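Visitor:
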Amino acid sequence: MEAKQKWSRTELGQSTSRRETRDSSSQTDSKIQGYGPRLSKVNLFTLLSLWMEVFPQEQQEEDEDSQVLGLGLVVVREGKVVGLHCSGAELHAGQAAIIQHGAALAHCQLYFSRRPCATCLKMIINAGVSQISFWPGDPEVSMLKAAPSNRTSSRSPASHLSTTTEEAALDAVAVERLKSNSRPHICVLLQPLTPGLLQCVEETSRGSDFMERVADDDPELNAEELFNRECLRHLRDFSKQFLIETSQQHKAVLVQMGLENFCVEPYFSNLRSNMRELVEVLAAVAAGVPQQHYGFYREQLPASPRPESEPEPEPASQEVARHCIVQARLLAYRTEDPKVGVGAVIWAKGRSAGCCGTGHLFLVGCGYNAYPAGSKYAEYPQMDNKQEDRQRRKYRYIVHAEQNALTFRMRDIKPDELTMLFVTKCPCDECVPLIRGAGVTHIYTSDQDRDKDKGDISYLRFSSLKDISKFIWQKSSSVSSRPSTHFVNGCIGKNSRQTEPENPRNRKLCTKRSGDSSAASGALLADKPGCGKSQKIEVSAPKM
């Protein structure tokens, strides 16, 4: 029965068949095939918005019975992320964006993890944004979460829609009217995944530097089993958070949001399939940074330890640090490097906490490794150090993730603020002087490549960073029971300097070539019955 149809989950480690899409919004606007599977910008911004919805909160919202759900928001200007926001105890994510960006939101594109409420939508429209996209699940003012007075009388999930409160109904009417009379394009933007991308994400997450460190510390550990267990746990949590369980409920929500067009087959099935696949990608990326007994711990020099009576406060909790690293890992799947994807995010910690969900933290910049903007595929060398002809190697042409994050930052790095760089790989010798010169005060990363010299790229300077606090991914000292390079107090020492080739162990990006297709940005593609081509659908309310 369709009414009882629930989300099906593919077995971990296997990929399902996917339609090809064409992504015209790549950093280099390349139209030639060649890059391996990579996230489209639309799907990247969508995934970041979902991930921001679960940002660790310093204080939980007081009213757990409220029908107003938290959400995540990504602000994009000219194809670049300029804001990451989430709901807090007092401010909705949309309100937080208005406070931080103000009139600078004009001509920006906003990606919400839920359809925003009328209170936020009217301010966002008034700011002059050009486009508003939202995840087509339960909206910010929930239609599925029954009011406290109705919970005892409405125990069946299928009956939730009949108990929608007056507040939710009024908000839905107001939002629809705002959509119908607004200048911004308000729509649902989802794209099918590039063929092979989910499998690539699972493989590279299973072999990430963070998983590799866990496996190196405990050779007897079944790292693949650990990854699969983490992935399943995240998949259960994210499915509950972002997906609507049954088709009947989902159709009812879509109709109340004015998205009747999505309720027609095959578009409805394609919509649910695309949503499920994106949640699977998010679960795999998050599983690549396992939570069990590991975290980011400060590295201190044994010669000059801080007195125990004066402990330096940590700039970010373990939960926040891990969340920011996963942000960087998501960005890494936009890489243009055919082998290794790297992502970087920079956050600053202000003196006073705002009322938004990120508390003291404000986004400075983010980026991934790519060729110079405006270049096309095959204009620059793409070979690594296995290529004997050094002129055909990529290293002198790739712009590193840290360099892009610093170049396209949206706010200045202030000397009186803590500025934290979260990067998925140890910074190389080319980036270390830039990081120091920019004023970054803290680095969160893995040190798997520390003190290695790989010829055209080396990691020898990272250990010499004395004036920047380094937080290295490692096992917690409280559970470490065997000798290692870790000090008892949780600090780590330097690895011996060595020269070795790049480790190919599951850390490379999938190099399987696939069409880096380009569908109109923000279109949902659905196969039309009896037709070999795909039909582009954009959902937006008609002008009144």
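Anchor point for the sequence shown: position 266 equals 278 in my numbering, and the numbering is continuous, going up by one each time.
The beta carbon of each residue, even a glycine, is placed where N, CA and C say it ideally should be.
All of these numbers come straight from a predicted model, not from anything done at the bench.
Hey, how far is the Cα of Arg126 from the Cα of Gln261?
Guide: The count along the sequence shown starts at 1 and reaches residue 126 at position 114. The count along the sequence shown starts at 1 and reaches residue 261 at position 249. About 16 Å.
Visitor: Would you tell me roughly how many angstroms separate the C-alpha atoms of Lys426 and Gly362, rounded to the nearest one?
Guide: The sequence position of residue 426 within the sequence shown is 414, counting from 1. The sequence position of residue 362 within the sequence shown is 350, counting from 1. Going by the C-alpha atoms only, they are around 10 Å apart.
Visitor: What did DSSP end up calling Met135 once you bin it into helix, strand or coil?
Guide: For the purposes of this step, residue 135 is taken as residue 123 along the sequence shown, with counting starting at 1. If DSSP states are grouped into helix, strand and coil, Met135 belongs with the helices.
Visitor: Taking Cβ positions, are Thr453 and Leu430 nearer each other than 8 Å?
Guide: Position 441 of the sequence shown, counting from 1, holds the residue named residue 453. Position 418 of the sequence shown, counting from 1, holds the residue named residue 430. It is a contact, given that the beta carbons lie within the stated cut-off.
Visitor: How many whole angstroms separate the CB atoms of Tyr383 and Ile358, which I take to be in contact at a CB cut-off of 8 Å?
Guide: Your numbering for residue 383 matches position 371 in the sequence shown. Your numbering for residue 358 matches position 346 in the sequence shown. Incorrect: roughly 21 Å between the Cβ atoms, too far for contact.
Visitor: Out of Met287, Lys263, Ser285 and Gln268, which has the shortest C-alpha to C-alpha gap to Val276?
Guide: Sequence index remark: in the sequence shown, residue 276 carries index 264 (1-based). Selected option, being the one with the closest Cα: Lys263.
Visitor: Could you check whether the stretch 247 to 257 touches the stretch 201 to 208, counting it as contact only if at least three pairs of C-beta atoms, one from each stretch, sit closer than 8 Å?
Guide: No contact exists between the stretch 247 to 257 and the stretch 201 to 208.
Visitor: Measuring CB to CB, does Leu238 end up less than 8 Å from Pro302?
Guide: Numbered from 1 along the sequence shown, position 226 holds the residue referred to as residue 238. Numbered from 1 along the sequence shown, position 290 holds the residue referred to as residue 302. Yes, these two residues count as a Cβ contact at 8 Å.
Visitor: Let's see if you can read the secondary structure: which residues bound the beta strand (DSSP E) around Phe474?
Guide: Position 462 of the sequence shown, counted from the start, is the residue given in the question as residue 474. Per DSSP, Phe474 belongs to no beta strand (DSSP E) and is neither H nor E.
Visitor: Using a Cβ-Cβ cutoff of less than 7 Å, which residues in the same chain neighbour Met269 once the five nearest sequence positions on both sides are dropped?
Guide: On the sequence shown, residue 269 is found 257 positions in, with the first residue counted as 1. Within the same chain, Met269 has close Cβ partners Arg127, Pro151 and Ala184.
Visitor: Going by the DSSP bridge assignment, what does Glu311 pair with across the sheet?
Guide: Here residue 311 refers to the residue found at position 299 when the sequence shown is read from its first residue. Answer by DSSP bridge pairing, in chain order: Lys482.
Visitor: Are there 16 or more other CB atoms within 10 angstroms of the CB of Arg462, so buried, or fewer, so exposed?
Guide: In the sequence shown, the residue the question calls residue 462 occupies position 450. By the 10 Å Cβ count, Arg462 comes out buried.
Visitor: Would DSSP call Met432 helix, strand or coil?
Guide: By 1-based counting over the sequence shown, the position of residue 432 is 420. It is a strand residue.
Visitor: Between which two residues does the beta strand (DSSP E) containing Gln121 stretch?
Guide: For the purposes of this step, residue 121 is taken as the residue at position 109 of the sequence shown. Segment Gln121 to Phe124, the beta strand (DSSP E) holding Gln121.
Visitor: When DSSP builds the beta bridges, which residues end up paired with Gln143?
Guide: For the purposes of this step, residue 143 is taken as the residue at position 131 of the sequence shown. Gln143 pairs with Gln121 and His197.
Visitor: Measuring only the C-alpha atoms, how far is Ser220 from Ser481?
Guide: Mapped onto the sequence shown, residue 220 falls at position 208. Mapped onto the sequence shown, residue 481 falls at position 469. Cα to Cα, the separation comes out at about 23 Å.
Visitor: So, at 6 Å on beta carbons, what are the nonlocal neighbours of Leu283 in its own chain, with the 5 sequence-adjacent residues on each side left out?
Guide: One-based indexing of the sequence shown puts residue 283 at position 271. Taken in chain order, the residues that qualify are Phe274.
Visitor: On the criterion of 16 or more Cβ atoms from any shown chain inside 10 Å, does Ala115 qualify as buried, or is it exposed?
Guide: Position 103 of the sequence shown holds residue 115. Ala115 should be labelled exposed.
Visitor: Name the DSSP bridge partner or partners of Tyr380?
Guide: Position 368 of the sequence shown, counted from the first residue, corresponds to residue 380. The partner list for Tyr380 (beta bridge, DSSP) reads Gly355.
Visitor: Note down the Cα distance separating Met557 from Glu70, rounded to an integer number of angstroms.
Guide: Residue 557 falls outside the range modelled here, since the chain spans only 13 to 556, and no answer is possible.
Visitor: In terms of alpha-carbon separation, which member of Ala130, Met155, Leu117 and Cys212 lies closest to Arg50?
Guide: For the purposes of this step, residue 50 is taken as residue 38 along the sequence shown, with counting starting at 1. Comparing Cα positions, the closest option is Cys212.
Visitor: Secondary structure at Val411, three-state DSSP: helix, strand or coil?
Guide: Walking along the sequence shown from the start, residue 411 turns up at place 399. It is a strand residue.
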